[in-house]
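One structure is given here, and the rest of the page talks about it.
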Amino acid sequence: MPLSWNEIRSRALAFSREWADESSENAEAKSFWDAFFTVFGLTRRRVASFETPVKKGDGKGGFIDLLWRGVLLVEHKSRGKDLDKAIHQAFEYFPGLKERDLPRFVLVSDFAHFRLYDLDENAQHDFELADLHKNIKLFGFVAGYQSRSFGQEDPVNIQAAERLGKLHDLLKESGYDGHPLEVLLVRLLFCVFAEDTAIFERRQFTEYVEQRTSEDGTDLGPHLAQLFQVLDTPHHKRQKTLDEQLTGFPYVNGKLFREMLPLANFNRAMREMLLDCGSLDWSRISPAVFGSLFQSIMDAAARRNLGAHYTTETNILKALGPLFLDELRAEFERVKFKPKALPDFHKRLVGIHVLDPACGCGNFLVIAYRELRLLELDILRALELIKKTQHLEFDLGNLVQVGVEQFYGIEIEDFPAQIAQVAMWLTDHQMNMRVSEEFGQYFVRLPLTQAPNIVHKNALTLDWASVVPPKTLSYIVGNPPFGGKHYQNRQQKAELRTVFTGVRNASDLDFVAAWFRKATDFMAQNEAIRTAFVSTNSITQGEQVGILWPDLISRGVKIHFAHRTFQWSSEARGRATVHCVIIGFALHDNANKVIFDYETPQGEPHAVRASNINPYLADAPNVIARKRQQPFLGVPTMRCGNKPTDGGHLLLTTAEKEQLLRDEPAAAPWIRRFVGAAEFINGIDRWCLWLDGIDPRTLRAMPKVLERVEAVRRYRSQSSAEPTRKMADIPTRFFFRSQPTTRYILMPEVSSERRRYVPVGVMGPEIISSNKNYLVAEPSLYLFGLLQSAMHMAWLGAVGGRLESRFQYSASLVYNTFPWPTPTANQKGAIEAAAQGILNARAKFPASTLGDLYDPLAMPAELLKAHKALDKAVDSAYEKSRFSSEAERVAFLFRMYEQLEAPIAAPQPTRTTRRVRKADATSVVSTDQAESSGLQADGE
């Protein structure tokens, strides 16, 4: 058992006095270092050797004064000798050491002085022998107290995962696979961690492997099996004839070593890799990060992207902070100097119970537990101060009360569930070491008598009350699997429908939505529970809002806080990114609602107080924009652009157009410019054959054009969709046509969220718009101005869908639901004048594309000024001289919409559907879905 810091400090003072006058390296250096290790309660010969032979960088032989492989190299000199030369000599030994034996620390001394180098931190510490007790915590790595890293940034996390990954591969290649391999690796992880963090003695596990197993590795498997049995056996039940080295291992319990595994047959390479794993400083491992990294080693493909799927602590705390940690911290500040209130607050912490119903490797649970333990540590500091002033005994063992048993997890995969449990134990021990260091008393929970409640089950088919009683639970939190509707398998679709029984189109929801409903049903059994989930932003945008949120709101859900769209990513190599939201909700209201907004998805959040947070995560009423077939107030109809469905045979690149004109000069009148959203915004040249009204004689005179027409016919005739096959009879025409015969307004379907405004265009009828745009067949400056205004952009951002984080426009969901103003003649004239101002400003830069003009960094001052003038004119038409923010605009628009449509009060009604065949696949979609996808009949 490690000594307490108080005892170590006292021993350091005695050591300094004993060796104050020694000066001869040859006579007493070895005794000096033996005594130095005794200061920390460690026998030197257990971990380090004197006079280790090594070949130096110059090829000559030498002897290291003292070497603790992988940890410490000591070079000792007589009193008064040059320590600069000593350190130079120490580094000369490095080329002769194995990679795993390279030390992190180099220590040189002449009895009277110490100079310690931390090579990982690139730090140097110089002090006198008499001041050893003042600097004693620099040697936490000797005492076993070095649990200093909680962050995901430490490269040792990835190094450790990579080495375990190599060991995994070697074992798997040998035929040791499946569940036994998973359990074996979890146990080995615990052992190498234990010997670096004072659960075992220093190097106890590695030393056992080195000393008691043969170098060829053939007997390593049986030795490990016996060791695992010992670790699962209390000392009083062990055989008296048990090997002395095995007897020295502690009883671990916790069922970690209980299951009997098939013997693993190791070889030399496997044994070497295990020793390489043990050479790392496992005290620096962050369980919050390493769990996910460790899981990824089980899959070679995942390991190529190692670290891409773990969650950063910063992102986890975005959920945990506003859910309960911020509130607890604030309460602690209020009571920390109150002797009566502080113990009651401590009891509150012990009464907190947290569930992650999709816990994976336990990242959220680990961070939540760690933060509660850190808060308890602050409470203990305050209690110690209070007890000292009252001259009372401070009993650390009885005061540390927050434990892993307060945490619950559900995980569908077996291996991550095992990792989550071990990660919680590792975190518990790291925090115990933190407490020990803080108060100078050794505190450890061994054997493991309490365990986190991690179950290996399917959270969507499991009754959560079988894991934790609803009356006991305080919070639900996590990052459930997202799973867009196109990426769900049959079982997941069935689970969604089961969870959302009676909710129309539930199978169109992202998979994550099922956890929102399950949590809502669970909270109904204890309305004090609060929940926070990370989710794809899809459930707060577009069509999914109208499916999910009426159901949740009807059950009493109130959103307490929300992080609007931001980029959820790891900080490791090959980072995986997805655009997410975080939603905190409950079945009771909260007066202190907060929206965390982001200027860009990669930016930092700023908190905004809200009176209500609606399903679009806006400070606005709980109304939901439902798809409409026609816009409000008789505004002109918007339709989808032209859809070719031609296999690409009616479309041309510039090179193809030029070649066709060389072959068929007569085709020139039938070639038109063709623009989708990308072509419109970025000025990309694309062309099409627009053969409407062509005379058959003219067509037959152009064989190269006929070849393309025939290719269209073949493509359509081979389709599995009946409407497409039907259009094979008219191969000269686009599958769907909506091309205006007059100038028209063009709205691109998809545009970057970086732009302050989505560029809207006014086009001539000769330019054919694709189905990637929406069209209004009326060149109205007034309408153009409204669509180009900040008001309309705010509505798009709130109710429109997203592709990743990009804006995705919809006629039925954005244009038709937009609350249009009712301006006076003067106000309408002002809007028209301002709209023309925007077109004039664009015309000043004929060489620039709309992508150039609307780039937030490159946008010309003249264009920005014109937009601000338009915004002012449009705002005035809404009887508002100026909106201070987009959030204010959105709230205003939702109030207008609420007046136009009945507020949401019940799950969405049944919608009329009709069968539409879509691009070689049959599906049932609503009539408004058909309209937005451009699959309407063309009326002829």
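Residue numbers (this note's numbering): 661 to 1600. Glycine is no exception: its CB is placed at the ideal position from the N, C-alpha and C atoms. Bear in mind the structure is a predicted one, so any value in this text is a computation, not a measurement.
- prompt: Quick one: Cα of PHE1395 to Cα of PHE1292, how far?
  reply: Here residue 1395 refers to the residue found at position 735 when the sequence shown is read from its first residue. Here residue 1292 refers to the residue found at position 632 when the sequence shown is read from its first residue. Rounded to the nearest angstrom, the two C-alpha atoms are 29 Å apart.
- request: Quickly, what does DSSP pair ARG1322 with across the bridge? List them, please.
  value: Counting from 1 along the sequence shown, the entry for residue 1322 is found at position 662. None; ARG1322 has no bridge partner.
- request: Would you tell me roughly how many angstroms separate the C-alpha atoms of GLN1151 and THR1121, rounded to the nearest one?
  value: Translated into the one-based positions of the sequence shown, residue 1151 becomes position 491. Translated into the one-based positions of the sequence shown, residue 1121 becomes position 461. Straight-line Cα distance between these residues: approximately 11 Å.
message: Relative to the C-alpha of GLN727, which candidate in ASP742, LYS737, LEU757, LYS741 has its C-alpha closest?
response: In the sequence shown, the residue the question calls residue 727 occupies position 67. Strictly speaking, residue 727 in this sequence is Leu, with Gln absent from that position. Of the listed residues, the one whose Cα sits closest to LEU727 is LEU757.
- request: Go ahead and pull the three-state DSSP assignment for ALA1597.
  value: What you label residue 1597 is simply residue 937 of the sequence shown in a count that begins at 1. Only weak support is given to the placement of ALA1597: the predicted model assigns it a pLDDT of 27, under 50, and the value that follows is read from those uncertain coordinates. ALA1597: coil per DSSP, three-state reduction.
query: In the structure shown, what three-state DSSP assignment does PHE1396 receive?
result: Against the sequence shown, residue 1396 aligns to sequence position 736. In this structure, PHE1396 counts as strand in the three-state DSSP scheme.
field: Which of helix, strand or coil DSSP assigns to GLN1227
entry: On the sequence shown, position 567 is the one that residue 1227 refers to. If DSSP states are grouped into helix, strand and coil, GLN1227 belongs with the strands.
Simplified DSSP state of ARG1575, which is helix, strand or coil: Within the sequence shown, numbered from 1, the residue matching residue 1575 stands at position 915. Summary for ARG1575: the model assigns pLDDT 35, below 50, so the residue's position carries little reliability, and this model does not support an answer.
- request: Have a look at the DSSP bridge pairing and note the partners of MET933.
  value: Looking up residue 933 in the sequence shown gives position 273. Answer by DSSP bridge pairing: none, since MET933 is not bridged.
message: So, with DSSP's three-state summary, where would you put PRO1265?
response: The residue labelled residue 1265 in the question sits at position 605 within the sequence shown. PRO1265 falls in the strand class under three-state DSSP.
query: CYS1348 bridges to which residues according to DSSP?
result: Here residue 1348 refers to the residue found at position 688 of the sequence shown. Beta-bridge pairing links CYS1348 to LEU1311, ARG1332.
Pair within 8 Å by beta-carbon distance, ALA1501 and PRO1520: The residue labelled residue 1501 in the question sits at position 841 within the sequence shown. The residue labelled residue 1520 in the question sits at position 860 within the sequence shown. Taking 8 Å as the Cβ cut-off, ALA1501 and PRO1520 qualify as a contacting pair.
query: Considering ASN1486, what are the terminal residues of the alpha helix (DSSP H) in which it resides?
result: Here residue 1486 refers to the residue found at position 826 of the sequence shown. Looking at the DSSP string, the run of the alpha helix (DSSP H) that includes ASN1486 is 1485-1503.
message: With distance defined between alpha-carbon atoms, name the residue in MET1453, PHE1099, LYS715, LYS1504 nearest to SER1545.
response: As a position in the sequence shown, residue 1545 is number 885, starting the count at 1. For SER1545, the nearest C-alpha among the options comes from MET1453.
message: Whole angstroms are fine: how far does the CA of ASP1257 sit from the CA of ARG1215?
response: Within the sequence shown, residue 1215 is the residue found at index 555, counting from 1. Within the sequence shown, residue 1257 is the residue found at index 597, counting from 1. Approximately 27 Å between the Cα atoms of the pair.
task: Measuring alpha carbon to alpha carbon, tell me which of GLY1308, VAL1534, ARG1332 ends up nearest GLU1318.
output: Counting from one through the sequence shown, the residue named residue 1318 turns up at place 658. The shortest C-alpha separation from GLU1318 is found at ARG1332.
- prompt: In angstroms, rounded to a whole number, what distance separates the CA positions of LEU1473 and GLU1065?
  reply: The residue labelled residue 1473 in the question sits at position 813 within the sequence shown. The residue labelled residue 1065 in the question sits at position 405 within the sequence shown. Their backbone Cα atoms lie some 48 Å apart in a straight line.
task: Return helix, strand or coil for PRO1210, following the three-state DSSP convention.
output: If you number the sequence shown from 1, residue 1210 lands on position 550. Reduced to three states, the DSSP call for PRO1210 is helix.
task: Work out the CA separation of PHE774 and ALA674 for me, nearest whole Å.
output: As a first step, residue 674 is located in the sequence shown; it is residue number 14 there, counting from the start. As a first step, residue 774 is located in the sequence shown; it is residue number 114 there, counting from the start. Approximately 16 Å, taken between the alpha carbons.
Separation of ILE1046 from PRO1222, as counted between CA atoms: If you number the sequence shown from 1, residue 1222 lands on position 562. If you number the sequence shown from 1, residue 1046 lands on position 386. Going by the sequence as given, residue 1222 is Ala instead of Pro. Roughly 39 Å separates the two Cα atoms.
task: Please list, in chain order, all residues of the same chain as PRO1112 whose beta carbon is under 6 Å from its beta carbon, the five residues on each side excluded.
output: Counting from one through the sequence shown, the residue named residue 1112 turns up at place 452. Hits under 6 Å: VAL1064, PHE1067, GLN1081, MET1084.
- prompt: Looking at C-alpha atoms only, which residue of GLN1487, PHE1171, TRP665, PHE1226 is the closest neighbour of ASN1149?
  reply: On the sequence shown, position 489 is the one that residue 1149 refers to. Cα-wise, what sits closest to ASN1149 is PHE1171.
With 16 other Cβ atoms within 10 Å as the buried cut-off, status of VAL912: Taking the sequence shown and counting its residues from 1, the one referred to as residue 912 is at position 252. Counting Cβ neighbours within 10 Å, VAL912 comes out buried, since at least 16 surround it.
field: Nonlocal neighbours in the same chain, by C-beta distance under 7 Å from ILE1344, ignoring five residues either side
entry: Residue numbering aside, residue 1344 sits at position 684 when the sequence shown is read from its first letter. Closer than 7 Å at the Cβ level, and outside the excluded window around ILE1344, lie ALA1338.
message: Let me make sure I understand the geometry here. Which of ASP829, LEU1037, LEU1553 has the alpha-carbon closest to that of ASP1279?
response: Residue mapping note: residue 1279 aligns to position 619 of the sequence shown, counting from 1. It is LEU1553.
field: LYS1532 in three-state terms, based on DSSP
entry: Taking the first residue of the sequence shown as 1, we reach residue 1532 at position 872. In this structure, LYS1532 counts as helix in the three-state DSSP scheme.
query: For GLY838, does the count of other Cβ atoms within 10 angstroms reach 16, so buried, or fall short, so exposed?
result: Counting from one through the sequence shown, the residue named residue 838 turns up at place 178. Exposed.
message: Looking at the secondary structure, which residues open and close the alpha helix (DSSP H) in which GLN1090 lies?
response: Counting from 1 along the sequence shown, the entry for residue 1090 is found at position 430. Where GLN1090 is concerned, the enclosing alpha helix (DSSP H) stretches over 1074-1099.
- request: Counting only the same chain and skipping the five closest in sequence on each side, list residues whose C-beta sits under 6 Å from that of MET1183.
  value: Working through the sequence shown from its first residue, we reach residue 1183 at position 523. If we look at MET1183 and ignore the five residues flanking it on each side, its Cβ neighbours are ILE1189, LEU1247.
- request: Closer than 7 Å by C-beta to VAL1217: which residues in its own chain qualify, once you throw out the five before and the five after it? Chain order, please.
  value: Position 557 of the sequence shown, counted from the start, is the residue given in the question as residue 1217. Counting only Cβ-Cβ distances below 7 Å, and skipping sequence neighbours, we find THR1180, PHE1245, LEU1247.
message: Just verifying my parser: in three-state terms, what is the DSSP assignment at TYR777?
response: Counting from one through the sequence shown, the residue named residue 777 turns up at place 117. TYR777 falls in the strand class under three-state DSSP.
- prompt: Under the DSSP definition of a beta bridge, which residues are partnered with ILE1273?
  reply: Sequence index remark: in the sequence shown, residue 1273 carries index 613 (1-based). BP columns for ILE1273 are empty, so no partner.
message: Given a cut-off of 8 Å on the beta-carbon distance, is the pair VAL1159 and ALA1285 in contact?
response: By one-based count along the sequence shown, residue 1159 stands at place 499. By one-based count along the sequence shown, residue 1285 stands at place 625. Contact check for VAL1159 against ALA1285 fails: the beta carbons are separated by 8 Å or more.
field: Test: ASP1345 CB closer than 8 Å to a CB of chain C
entry: Any reference to chain C falls outside this structure, which holds one protein chain only.
- request: For the alpha helix (DSSP H) holding PHE1292, just list the boundary residues, first then last.
  value: In the sequence shown, counting from the first residue as 1, residue 1292 sits at position 632. No alpha helix (DSSP H) contains PHE1292, which DSSP labels as neither H nor E.
- prompt: Hey, how far is the Cα of PRO1635 from the Cα of PRO882?
  reply: With the chain represented from 661 up to 1600, any question about residue 1635 goes unanswered, as that position is not in the structure.
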